[in-house]
Amino acid sequence: MSEEMNQVNQKIQDLTPEEKDAILENFNEFKSYLNDQLEKGKKLGLSDEFLAKGAKFVADHLAKNEEPRNREQKLLQEMWKVADEDAKKHIAYVLVKMVQSE
Numbered sequence: 215m216s217e218e219m220n221q222v223n224q225k226i227q228d229l230t231p232e233e234k235d236a237i238l239e240n241f242n243e244f245k246s247y248l249n250d251q252l253e254k255g256k257k258l259g260l261s262d263e264f265l266a267k268g269a270k271f272v273a274d275h276l277a278k279n280e281e282p283r284n285r286e287q288k289l290l291q292e293m294w295k296v297a298d299e300d301a302k303k304h305i306a307y308v309l310v311k312m313v314q315s316e
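Written out as structure tokens, the structure reads:
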């Protein structure tokens, strides 16, 4: 795992249960949180490709460790389950673009 992905993983692990609940309870909150993190990454000079890799890493973590809390998360989880690795990369890239466009 690259140093950057280790940092993403650490950021996930550092969230308190209350912070995680606040982010995951509402899809708009999730998108807002993701957008904030992407903005921080862009300020550090990270490419869209790297940001999409980070989003894929987070999505993998969520799919393995969290139950969907709303219909949008359920849809993403169902798509993630049937997607191959290439499709997951595309889904992550689209998710990045979606939150950046808002």
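The opening residue of the sequence shown carries number 215 in our numbering; numbering runs sequentially from there. The C-beta atom is built at its ideal place from N, Cα and C for all residues, glycine as well.
Is it the case that the Cβ atoms of residue 245 and residue 292 are separated by a distance below 8 angstroms? no
Contacts around residue 223, its chain only, beta-carbon distance under 6 angstroms, and the 5 residues preceding and following it disregarded: none
Under the rule that 16 or more other beta-carbon atoms within 10 Å means buried, what is residue 258, buried or exposed? exposed
Are the CB atoms of residue 229 and residue 314 within a distance shorter than 8 angstroms? no
Ordered along the chain, which non-local residues of its own chain (more than five positions away) have a Cβ less than 8 angstroms from that of residue 226? 272, 275
Whole angstroms are fine: how far does the CA of residue 237 sit from the CA of residue 256? 21 angstroms
Identity of the residue in 231, 304, 239 nearest residue 282 by Cα: 239
The alpha helix (DSSP H) with residue 259 in it runs from where to where? Here residue 259 belongs to no alpha helix (DSSP H), and DSSP marks it neither H nor E.
Got a sec, what are the start and stop residues for the alpha helix (DSSP H) residue 238 sits in? 231 to 239
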